Every structure is written in structure tokens, then in C-alpha cells.
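Before any comments, here is the structure.
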Ligand SMILES: Nc1nc2c(ncn2[C@@H]2O[C@H](COP(=O)(O)OP(=O)(O)OP(=O)(O)O)[C@@H](O)[C@H]2O)c(=O)[nH]1
Ligand SMILES: [Mg+2]
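Residue numbers (the numbering used here): 210 to 453.
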């Protein structure tokens, strides 16, 4: 698979009777058949400097509640850690896994002394004990309700199973708190192009009238979507006007 280079020749897109899955388009063209822009160099990505700071199962051992934070939430296995890695432009900063339940604590990554990204444990994972579920749920609740540094929430939803009951709760919480929310419809490379657009339109429809919510398609294999999401997070963290 060749990313980021060359022009989009017609040979990459033979006429198909059925719309191709998005994954088939991950050559050097974007979804509209346009040549992809070159990948931003790490120096152009203000999130690229992210470094592991600490991991805590509860709120007793987290960094002081100062500065600005953006947290990644969502159902177990939705792709939270992968999305965080894609945005920072580092392959393995946050741990990812095919097995749900990988992130079992609040994991903090520092961008500088004032700014952090937080990878949250996933919700809705069936195979953990009831007591562990209750503990995660309490930690998540406390974090969301107490953390003053939180400036925005990235809610990652598998685009094939969006807006679960838990996702709805997160959405309502963000509305009640006036917390800016970016919904990433993840793993969109697993959908056909038309399916992905239909899903996006459906979610947009259900968000009409809500404040400070943005929704977009997302895949760790699609640089344009990564850049779109990164721009939102960079803006929340006030890193867009610093000439960094
Ligand atoms: N095809 C595809 N796979 C993805 C994408 N994002 C994540 N995955 C895969 O989905 C699986 C789960 O990804 P994670 O990032 O670990 O998910 P998570 O939400 O952090 O999971 P927990 O920490 O267990 O709650 C991994 O196998 C990833 O490689 C994507 O955009 N496209
Ligand atoms: Mg994770």
C-alpha cells in the first residue's frame, strides 16, 4: 500500500459495479479520487511531542488538575487508543489490542507542562467482573465530573455500531456540562463508501440542535480524517496559534 506519494492515476480506480470498501481506496488518492496531500512532518504536528506521563487506576494518583486536557472515551475496542496514536503521529504511544479491555486505567500523555491527552478505559466490555466494571464506571464518572482541566472529549464510536446506550449517555453528559465533543466514527475503512456516508448523515441528523458537537468519519488508515480530527483537538488545546 502506497500512501502520500504520486498522482492519482486512473489505473488505481478501475470501474466497479459495486462501490468499493473504503479500505480499497487507501492508495495515494483520497475518497474523491484526488491525490492525497503529503503527510505532515512531525514538526508540523503539535501533538507529536506527546510522551507517556503516568497511568492510574483511580483519581488519587493523577496529575494535578491544572492546565488543559483532552480525553478519549468510548466503548471498549472502539479504537480510542489507536485514534490517540494516529493524532499524535506515533504508532505505539498508547497501547492498543485486538482484545477488548486493553486500557484498564486512566493513561496520561503530556504534550508540555500545561497540556495532556488522556486515554480512558473503554465502557461496555462484557468480559470483566461486575466489581471491576463498577470501579471503572466510578472512575470515569469521577473523572468527567471533577476534572476541571478537561477541555474537550473525543468520543470514539465504531462506525459499524454507533450511538450505543453508553455513547448516548456520554453525549447527554457533554451537553449538560457544555463540554465540547468530537465524535469519531472509527474503523470507517471497514465500511463501503456509501455506507460510511449514510452512517455519518444519520448521526448528523440525530445531533441536530445539540451544541458544541462535531462528528466525522475516522480511520487510522486515512490521513485526511486524521488531520481533520487533529485540527479540532489542537484547537481545544490552544496549540493552533502558537506557531509551534
Ligand atoms: N481497520 C481498522 N482497525 C482499527 C482502527 N482503529 C482501531 N482499529 C483496531 O481495533 C482494535 C482495537 O483498537 P484499540 O485502539 O486498542 O481500541 P480501544 O478503544 O483503545 O480498546 P480498549 O482500550 O480495549 O477499550 C485494534 O485491533 C486496532 O488495530 C481503524 O481505524 N481501522
Ligand atoms: Mg485502549
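Glycine included, each C-beta is placed from N, C-alpha and C at the ideal position.
Everything numeric in this text was worked out from a predicted model, so none of it was measured.
Three-way DSSP call (helix, strand, coil) for residue 392 in this model: strand
Could you tell me how far apart the beta carbons of residue 387 and residue 414 are, in whole angstroms, since I believe they sit closer than 8 Å? In fact, because the Cβ distance is near 22 Å, the residues do not count as touching under 8 Å.
My parser needs the beta strand (DSSP E) runs of 3 or more residues fully inside the region 257-327; what are they? 260-265, 277-283 and 315-319
Under 8 Å between the Cβ atoms of residue 385 and residue 329? no
Residues bridged to residue 361 [DSSP beta-bridge criterion]: 279
Whose C-beta lies closer than 7 Å to the C-beta of residue 267 among residues of the same chain, with five residues either side of it excluded? 348
When DSSP labels each residue in this structure, what does residue 252 get in the three-state scheme? helix
Using 8 Å for Cβ pairs, my map puts residue 403 next to residue 426. What's the rounded Cβ distance? The Cβ separation is near 12 Å, so there is no contact.
From this set, 392, 269 and 263, which residue's C-alpha is nearest residue 416's C-alpha? 392
Which same chain residues, not among the five before or five after residue 373, have their C-beta less than 8 Å away from its C-beta? 284, 333 and 366
Determine, for residue 389, whether the minimum Cβ-Cβ distance to residues of chain D falls below 8 Å. This model lacks chain D altogether; it includes just one protein chain.
Around the Cβ of residue 375, are there at least 16 other Cβ atoms within 10 angstroms (buried) or fewer (exposed)? buried
Simplified DSSP assignment, three categories, for residue 348: helix
How many angstroms separate the CA atom of residue 442 from the CA atom of residue 279? 7 Å
Going by beta carbon distance, what residues of the same chain come within less than 6 Å of residue 313, once the five residues before and after it are set aside? 330
DSSP has residue 379 in a bridge; who is on the other side? In DSSP, residue 379 forms no bridge with anything.
Is any heavy atom of ligand 1 found at a distance shorter than 7 Å from the C-beta of residue 371? no
Going by alpha carbons, who is nearest to residue 358 out of 276, 270, 264 and 447? 276
Taking residue 407 as part of the alpha helix (DSSP H), name the residues at either end of that continuous run. 402-415
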